[in-house]
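So the sequences go chain by chain: B and D.
Per the numbering used here, the first sequence runs over residues 10 to 298.
Per the numbering used here, the second sequence runs over residues 21 to 355.
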Amino acid sequence: MEIFLEQLLNGLTLGAMYACIAVGQALIFGVARLINFAHGDIFMVGAYVFFIAFGIVGLPYPVAVIVTVVVMFAFGGLFERLIVRPIIDKPWHVHLLATLGASIVLANASVLIWGTTPKEVPTPFSQAIVEIAGFRISVQRIIVLGISLLAFYALHLFLEKTRTGKAMKAMSQNRDACAVVGIDIRRMSALTFALSCALLGLAGSVVSPLFNIHPTMGFGLTFKAFAAVIMGGFGQVNGAIYGAFILGLTEALAAGYVASDYKDAMAFAVMVVVLLVRPQGLFGRKVGL
Amino acid sequence: MTKARRYCLYGVLLVAILAGLLVLPLVIKNRYVMHILVITAMYAALALGYDLIVGHVGLLSLAHPTFFGVGGYLAAILSTRFGSPFLVNIMLGGAIAAGLAFVASIPFFRLAGISFAIGTLGFALIMQLVANNELWLTNGPMCVAQVPRPVLTLPPLVDWHVSSVIDYYYLILGILMLVIVLGWRLTTSRVGRTFMSIREDEVLASAAGVNPLKYKTFAFVVGALIAGMIGAFYVHYSTIICPAELAGPMTTTLLIILYLGGVGRMRGVILGAILFTFIPEFLRVAPQLRMVAYGTLLILTIVYMPEGLDGAITKQLRRLPFFAAGPRDDDGEAL
Numbered sequence: 010m011e012i013f014l015e016q017l018l019n020g021l022t023l024g025a026m027y028a029c030i031a032v033g034q035a036l037i038f039g040v041a042r043l044i045n046f047a048h049g050d051i052f053m054v055g056a057y058v059f060f061i062a063f064g065i066v067g068l069p070y071p072v073a074v075i076v077t078v079v080v081m082f083a084f085g086g087l088f089e090r091l092i093v094r095p096i097i098d099k100p101w102h103v104h105l106l107a108t109l110g111a112s113i114v115l116a117n118a119s120v121l122i123w124g125t126t127p128k129e130v131p132t133p134f135s136q137a138i139v140e141i142a143g144f145r146i147s148v149q150r151i152i153v154l155g156i157s158l159l160a161f162y163a164l165h166l167f168l169e170k171t172r173t174g175k176a177m178k179a180m181s182q183n184r185d186a187c188a189v190v191g192i193d194i195r196r197m198s199a200l201t202f203a204l205s206c207a208l209l210g211l212a213g214s215v216v217s218p219l220f221n222i223h224p225t226m227g228f229g230l231t232f233k234a235f236a237a238v239i240m241g242g243f244g245q246v247n248g249a250i251y252g253a254f255i256l257g258l259t260e261a262l263a264a265g266y267v268a269s270d271y272k273d274a275m276a277f278a279v280m281v282v283v284l285l286v287r288p289q290g291l292f293g294r295k296v297g298l
Numbered sequence: 021m022t023k024a025r026r027y028c029l030y031g032v033l034l035v036a037i038l039a040g041l042l043v044l045p046l047v048i049k050n051r052y053v054m055h056i057l058v059i060t061a062m063y064a065a066l067a068l069g070y071d072l073i074v075g076h077v078g079l080l081s082l083a084h085p086t087f088f089g090v091g092g093y094l095a096a097i098l099s100t101r102f103g104s105p106f107l108v109n110i111m112l113g114g115a116i117a118a119g120l121a122f123v124a125s126i127p128f129f130r131l132a133g134i135s136f137a138i139g140t141l142g143f144a145l146i147m148q149l150v151a152n153n154e155l156w157l158t159n160g161p162m163c164v165a166q167v168p169r170p171v172l173t174l175p176p177l178v179d180w181h182v183s184s185v186i187d188y189y190y191l192i193l194g195i196l197m198l199v200i201v202l203g204w205r206l207t208t209s210r211v212g213r214t215f216m217s218i219r220e221d222e223v224l225a226s227a228a229g230v231n232p233l234k235y236k237t238f239a240f241v242v243g244a245l246i247a248g249m250i251g252a253f254y255v256h257y258s259t260i261i262c263p264a265e266l267a268g269p270m271t272t273t274l275l276i277i278l279y280l281g282g283v284g285r286m287r288g289v290i291l292g293a294i295l296f297t298f299i300p301e302f303l304r305v306a307p308q309l310r311m312v313a314y315g316t317l318l319i320l321t322i323v324y325m326p327e328g329l330d331g332a333i334t335k336q337l338r339r340l341p342f343f344a345a346g347p348r349d350d351d352g353e354a355l
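Printed below as a string of structure tokens:
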């Protein structure tokens, strides 16, 4: 029972991390019709930005989180301008190769800057433990869960209530019609990237105190996020979140009970099987975000 | 310039290149340079097989290194445990890769476009995990090492102990020539034109009576067959194979070779292999810096030079009267 609850919490934390990455993927795919192979590497960049802000500069934790989010928001805009805008009207294989190129550049540049040794960024919270109903839980895990759920709720409100959010939803349903009614498609696409990357910055700054960060962690995470996005149905934000949590939980439980050797194979197997058997995703088809 | 004279010129050029390649070991005494040449030829052959799938049928498979690795692993296991001879290994390596490709093609060809790319990548990553974890078969991260040097015997005529790098050079040169002839015959035939029709528009091709599935499977299996054989050669050369060889960096290397040189163009792919393996060895920089440069190049190529270097060079050459394209009369003279 104790092991089960521990793995459950592990799974939820993992799921929250995957969800932050997958939501961005789903958002980008929905609005810009682009599959971003560099998404995990941008998460890695976010984690290192947090490492600089918190570990090197020594800002207080909440300030460091905000700085990371803001920097990553700008990074997303820059990424859209440099990599995405020249290719957005080209076929999907160009998207794949260009973003894969970006992934290679980011990961290797990061190795050049930081070396291959993993970095630890412990916060005061990663050591602190609270007891809830007799279970000892690291405060950082609670922060991860709380912040990410809060962020998803904020994103949900943004998409449902604000003009800009509605425009994004509309774009994911029909791009051309949006252009006709005067929605600035390019600005929306840039904003989508900036938002997704800001979310990655948030994920990087709440998650990296729990796990070590290293330059090559991005590629694997990109595919975990793919698996979640595919489970949720391409381009559906809510589906991607559910998919990410399912993935995180199954991985943690499999690691706890079955064999941890094939923990990572789970994501890839799920991805392949869902693509083959239920390409519309596990939760049914719907148009748009 | 008549057609006959043009072909004559190309023929002379090809013979000259081949002769040059054959006498190269006599000129180059440096073993390291010869090693790079072997690797270049290996990548060229591997990329040509990959190009059949990506460039000609238009299937962006990301599982190609898996077929290379599976062929390599089979050869390594057979020769280290059972001492089976090189020729048998290379054939079985090709056969198992082709068989695996056939089996994998049944589910994966139900996917189109980006789903196919992601699905095949998932397949490659799973195979890599299998190689990493099934210690009884693959030794896992400890790799299969000490693969013996190949011996080619055909008594009483041939008894060739391949041991020096020059021997390997001739061996891989022979394999490369075979792949080039095979690829050239295939892509310039009716089959090759069918491949292209599928790449350009699968629905239209099937409306014209082509069975796309049949040709896609054929290209996929032939590409894997070549990859498996090259993989078997590779383990007999490097004497070691590790799980990383089944996915990962090799995928990006192959993609960069293809797209930098010119996808779907034989000359381009060979050019890409030379650029990617031969030249960087002489620019002594950190491998990561090289990868940063290649990633940037990949992005720039795909955006600004979609037909690769070969396409760009051909375009420039076409401006010269000698190479000018355009309508020609029966003798091949420009009209």
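Built from N, CA and C at the ideal position, the CB exists for glycine as well.
The secondary-structure analysis by DSSP pairs S147/B across a beta bridge with I138/B. Residue nearest to R184/B within the set L115/B, D98/B, L109/B and A278/B is D98/B (criterion: CA-CA distance). Boundaries cannot be given for D221/D, as no alpha helix (DSSP H) includes it and DSSP labels it neither H nor E. In the structure shown, K99/B adopts coil according to DSSP, grouped into three states.
The three-state reading of DSSP puts I299/D in coil, since its state is none of H, G, I, E or B. At the C-beta level, G284/D and F87/D stay beyond 8 Å of one another. The beta carbons of F143/D and F136/D sit about 10 Å from each other, so the pair does not count as a contact at 8 Å.
Remark: C-beta atoms of A111/B and A47/B approach each other more closely than 8 Å. For a Cβ distance threshold of 7 Å, nothing in chain B lies close to M54/D: the least Cβ distance comes to about 28 Å.
I250/D is not a Cβ neighbour of Y279/D, given a cutoff of 8 Å. Using a Cβ-Cβ cut-off of 8 Å, A264/D does not count as an interface residue toward chain B, since no Cβ of chain B sits closer than that to its own. Bridge partners of K128/B according to DSSP: I222/B. If you look at H181/D, you'll find it in the beta strand (DSSP E) that goes V178 to H181. Chain B has a Cβ within less than 8 Å of the Cβ of I146/D. Shown here, V267/B sits in coil according to DSSP, grouped into three states, outside any helix or strand. Below the 8 Å Cβ cutoff, chain B contributes G110 and V114 as neighbours of T316/D, in chain order. In the structure shown, V255/D adopts helical secondary structure according to DSSP, grouped into three states.
With three or more CB-CB distances shorter than 8 Å, the stretch 64-79 of chain D counts as touching the stretch 223-243 of chain D. For A137/D, the neighbours in chain B by C-beta distance under 7 Å run, in chain order, L105. Proximity of L198/D to chain B, defined by a Cβ-Cβ separation below 8 Å, is not satisfied.
Among the residues facing chain B, A121/D is not included, as its CB has no counterpart in that chain under 8 Å away. Within the stretch 267-282 of chain D, the residues whose Cβ lies closer than 7 Å to any Cβ of chain B are, in chain order, T272, L275 and Y279. Counting only residues of its own chain and dropping the five nearest sequence neighbours on each side, A239/D has a CB closer than 7 Å to the CB of L72, I73, H76, V77 and F215. A straight line joining the alpha-carbon of L106/B with that of Q148/D spans about 22 Å.
Bridge pairing for I261/D: V164/D [DSSP]. Among the residues facing chain B, F215/D is not included, as its CB has no counterpart in that chain under 8 Å away. With fewer than 16 other Cβ atoms inside 10 Å of its own Cβ, P133/B counts as exposed. Contacts with chain D (Cβ-Cβ distance below 7 Å) from the stretch 37-57 of chain B involve I44, listed in chain order. The beta carbon of V76/B sits closer than 6 Å to those of A62, all from its chain and outside the five residues before and after it, given in chain order. Straight through space, the alpha carbons of I44/B and I134/D are spaced by roughly 8 Å.
A straight-line Cα-Cα distance of about 15 Å links V93/B and D50/B. Within 7 Å of the CB of F277/B, the CB atoms of chain D belong to G142, L145 and I146, in sequence order along the chain. Taking 3 residues as the shortest admissible run, the stretch 79-105 of chain D contains no complete beta strand (DSSP E) segment at all. Contact annotation: the stretch 236-250 of chain B touches the stretch 275-293 of chain B, with at least three C-beta pairs closer than 8 Å. Secondary structure note for I277/D: its alpha helix (DSSP H) is the uninterrupted segment P269 to G281. Look at the stretch 76-97 of chain B: the residues with a C-beta under 7 Å from a C-beta of chain D are I92, P95 and I96.
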